[in-house]
Structure formats: C-alpha cells, structure tokens
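One structure is given below, encoded as structure tokens.
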C-alpha cells in the first residue's frame, strides 16, 4: 500500500492567493483527518470526515478555510484568501489498522509570503 | 475534557541506554486508547505503540514499551537500547469513546541520542 499521499509537498504562495492541498487516503480507511502543525501551536486538528461526511470542523480557524471529501479516494483543504499566519505544515491522516491508529501523510509545507 | 501533558520539552540519552518519555492524561471516560508517535527531522509522523484502557498487560513493540499506570493516569514510553536514529520528536496522544476517532496530542518531547 502506498500510504497516505499528499500533494504538493511544498507550496509557496503570496498573501491573498488561493491554496489547495490534496490528500489521497489509504484505501478502506473510513476516517480522514486534516491537521496543521506549527512551532507555536503544535499539532492542531482542523477537521475530520467519516465515510466522506464532515463530522467535526470545530478546529477550522475561520471561514477562509474549507475542506471537502467528494469521494472515498480524495480530499482537499482550501485556503482562500491565504495569509502569512497560515504558514505551517498541513498533514492528512486516515485511520485503520489493528488499533484504528492514524496513518499520516508526509505533509505539505505551506509558506505564505 | 481530554488532555495530554508531556512535561519534558527535551531529553538526552547516550546510545545503547534506555530512556523514559513521560506522558500523563486526563479523561473521565473509562474507555480510551493511548498512542505514541515519532516525528523525525524529515517530518513524517510514525505510529509506534498503542495501549487500551482495558488492556491488562503493558504494550510492547520491539524496543518500545509503554509503562501504563492507570491509577496515576500516566502512559510513559520506554525506549530500550537507544540508537542514533531514535533522535526525534515524540508525541503522546489519546482517543476516548466520546471523541470518536479524534486524537488529542501532547506538545511533544524532543529526544536526542548521542554517540
């Protein structure tokens, strides 16, 4: 299995631009999570889905952030418009395995100038 | 509310020695699970070990073991025979039945293994 796939791995953009982060989950995993990691705030859960349905988006910082999961094979996290304070590493994770542990993708390092 | 506390921002250990990374947790739910993840400098998050609240035995996975003390609400990670490749950030996390599949993470402990 290829694991959780995220793209792009690195994104540099200018303030005000739209940013779209993509995630392909592990096949058969029913839950998908989006996290953000910064030095100041650590690892934060933004939103998670179960069977493509958003369950809890209370971690989404503001309306500039949106996430979708149109099918079991694909999810996006969009930031529009982006701001410098959005600079972080964004992880996608899916849960499965013996303990329903979460498997993380490699992350997308976002820099907003 | 769920909470994970890791009080050691950094730890140092010499190669081949054992090291214990501390984790305490707080939940009122009797059914919960505890996880440890490793994040090397390359950035990926790697699952290491799991302990369920009803498990009778402490979890072990190779050189990793979990010192689970339920009454004290602690779930310390023990790494035996440290290797240089163990240098990384280590995160403790918890999931309880009310949080569905959500994990709550601690702030992490940075481990440095010296030759």
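Protein chains in written order, with this note's numbering: chain P, 187 to 299; chain W, 12 to 126.
Cβ coordinates follow ideal geometry from the N, Cα and C atoms, glycine included.
It should be emphasised that the depicted structure is a prediction, and the values quoted were computed from it without experimental measurement.
query	result
Can you give me the Cβ contacts of residue 257 of chain P inside the same chain, cut-off strictly under 8 Å, excluding the 5 residues immediately before and after it?	238
Which residue spans inside the segment 92–123 of chain W form an unbroken beta strand (DSSP E) run of at least 3?	99–107
What does residue 112 of chain W reach in chain P if we use C-beta pairs closer than 9 Å?	216, 217, 219, 234, 236, 241, 281, 286, 288
Starting from the C-beta of residue 193 of chain P, find all residues in its chain whose C-beta is less than 6 Å away, skip the five residues before and the five after it, and write them out in chain order.	208
Please work out which residues of its chain come closer than 6 Å, Cβ to Cβ, to residue 115 of chain W, disregarding the five sequence neighbours upstream and downstream, and give them in chain order.	13, 15, 105
So with Cβ pairs under 8 Å, would you call residue 56 of chain W a contact of chain P?	yes
How many angstroms separate the CA atom of residue 95 of chain W from the CA atom of residue 27 of chain W?	9 Å
So who's on the other strand from residue 72 of chain W, going by DSSP bridges?	W/75
Where does the unbroken beta strand (DSSP E) through residue 63 of chain W begin, and where does it stop?	57–63
Should the segment 18–27 of chain W be regarded as contacting the segment 38–50 of chain W, the criterion being three or more beta carbon pairs within less than 8 Å?	no
Tell me which residues share the same chain as residue 35 of chain W and place their Cβ nearer than 7 Å to its Cβ, disregarding the 5 neighbours each side in the sequence.	16, 84, 85
Rounded to whole angstroms, what is the Cα-Cα separation between residue 107 of chain W and residue 44 of chain W?	6 Å
For residue 291 of chain P, which residues from the same chain have a beta carbon less than 8 Å from its beta carbon, with the 5 sequence-adjacent residues on both sides left out?	189, 190, 191, 192, 209, 277, 278, 279
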